[in-house]
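Heads up, the sequence shown is in full-length UniProt numbering, so the first residue is 1 and it goes up one at a time.
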Amino acid sequence: MRVALFEPEIAGNVGAVLRLGACLGVAVDLIEPMGFAWDDRRVRRTAMDYIDHVEFVRHRDFAAFRAANPAGRLVLFSSKATISPYHQAFKPDDILLFGKESAGVPDHVAAQCEVQLRIPMRPEVRSLNLATSAALAVGEALRQTGSLPLA
């Protein structure tokens, strides 16, 4: 299981997802360009020392990301999708993809995803925070695949 962030814009969200990956044993892919200058200090503010316990890879663009990860089903989380992750069967080698905070992913990226899911929420709100969405998605995917770390 992997988490991929497509062109993330907020350093704090990247740090929080790196910490999530460290705690749950999930690798993280960062697809550039990012909306902030990569600065270990800025990311570490949220990730803290957990950044030393997570496997993460920075990719120059989406094509480089796909070349590095040709296997594994690409599962997109999008506010435009209609299927709930609670009604989807996850696989251990899934790559959970999250778009940039302001715009999601472009159509050509969405078209490469085998599954598109939307985390259920009240209709009068637009979307969850990126790191919160990732936590909900990873937790459910790991639960379903029997891959949650032991307490």
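All C-beta atoms, glycine included, are put in the ideal place defined by N, C-alpha and C.
Apart from the five residues on each side of it in sequence, which residues of its chain come closer than 8 angstroms, Cβ to Cβ, to residue i?
| i | result |
| --- | --- |
| glutamate 114 | Arg73, Leu74 and Val75 |
| phenylalanine 62 | Phe6, Ile31 and Val109 |
| histidine 59 | Asp29, Leu30, Ile31, Glu32, Phe65 and Ala68 |
Would you report the Cα separation of residue i and residue j, rounded to the nearest angstrom?
| i | j | result |
| --- | --- | --- |
| arginine 19 | isoleucine 51 | 6 angstroms |
| serine 133 | isoleucine 119 | 7 angstroms |
| glycine 139 | leucine 97 | 14 angstroms |
| valine 3 | glycine 104 | 15 angstroms |
Leaving out five residues on either side along the sequence, give the residues of the same chain with a beta carbon under 6 angstroms from the beta carbon of residue i.
| i | result |
| --- | --- |
| lysine 80 | none |
| histidine 87 | none |
| residue 180 | Lying outside 1 to 151, the shown extent of the chain, residue 180 is not represented and no answer is given. |
| serine 127 | Ser79 |
| phenylalanine 90 | Ala141, Gln144 and Thr145 |
Tell me residue i's beta-bridge partners as DSSP assigns them.
| i | result |
| --- | --- |
| valine 28 | Val3 and Phe56 |
| glutamine 112 | DSSP output for glutamine 112 lists no bridge partner at all. |
Quick one: using the 10 Å Cβ neighbour count with 16 as the cut-off for buried, is residue i buried or exposed?
| i | result |
| --- | --- |
| methionine 1 | buried |
| glutamine 116 | buried |
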